[in-house]
Amino acid sequence: MHIVEGFLPVRHAIGWTVAALPFVAVSARAVSRRVNAEPAQRMRLAASGAFVLLLSSLKLPSLAGSSAHPTGTGLGSVLVGQACMPVMAGLVLLFQAVVLAHGGLTTWGANVFSLGVVGPWVAIGTFRLAERVGASPPLAVGVAAACADLATYACTAMQLAWAFPGATGVTDAFVRFALVFGVTQLPLAALEGVFSAAVWKSIAPLSGRRPALA
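My numbering numbers the first residue of the sequence shown as 202 and each following residue consecutively.
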């Protein structure tokens, strides 16, 4: 999912950074309010950030200019709320760009938007819908995590299609990018869903309360 350093045209890199920064700023305030109101939330926030770092660092080769890996944002969105995820994704992506040479500084905004904004909102919407139709909490978490993963990659495919539409236009470019991503991402999304459900099932009894969805 991470678009590598220097791959996007300058105006796209700047545009996505401008688009992502307000979400990161609002997210930072949400995290601060959450911690001040309930210091015990620090553990959930730390666990959610660590989960994103762990899963998104398990990269596989994919299209030129990107990589394939799980995202980890689905579980975090259920545990601490989607509003807290942009700043955590931003910190994870900054660490990976500087220390692991994974992603990049110039593509940070684009990667934050797909990983920290689109994925978490899809996750929480899917989770609520799954609960509404009667899915068990572990199943709802698993479906949310898988859908967040796929939504993140769909966003990345669109970002690349906008940057490199080719002769046939953005729509055809998006389809091509999405089809190639799908080869690795469909099984990864399914695995992330199963793993996230198992993790949620193991940690839910420890908190003794419903996840915060704010």
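Backbone N, C-alpha and C define an ideal beta-carbon position, used for all residues, glycine too.
- Assigned with DSSP and collapsed to three states, A241 falls in coil, not helix or strand.
- For the 7 Å CB-CB criterion, T327 and A345 form a contact.
- P321 and L222 have their alpha carbons spaced roughly 16 Å apart.
- Annotation: T308 to V318 spans about 15 Å, alpha carbon to alpha carbon.
- When the five nearest sequence neighbours on each side are left out, the beta carbons in the same chain lying within less than 8 Å of the beta carbon of F224 are those of P287, V313, F314, G317, V318, in order along the chain.
- Between the region 382-399 and the region 267-276, the count of Cβ pairs shorter than 8 Å is three or higher; the stretches touch.
- The continuous alpha helix (DSSP H) containing V281 extends over residues 274-281.
- Contact between V376 and W363 does not hold, since the beta-carbon distance rounds to 13 Å and is not under 8 Å.
- Collapsing the DSSP output to three states places A302 in coil.
- The three-state reading of DSSP puts A368 in coil, since its state is none of H, G, I, E or B.
- Per DSSP, reduced to three states, the secondary structure at L261 is strand.
- For I204, there is no enclosing alpha helix (DSSP H), since its DSSP letter is neither H nor E.
- At least 7 Å separates the beta-carbon of C356 from that of V323.
- The beta carbons of G310 and A214 sit about 7 Å from each other, so the pair counts as a contact at 8 Å.
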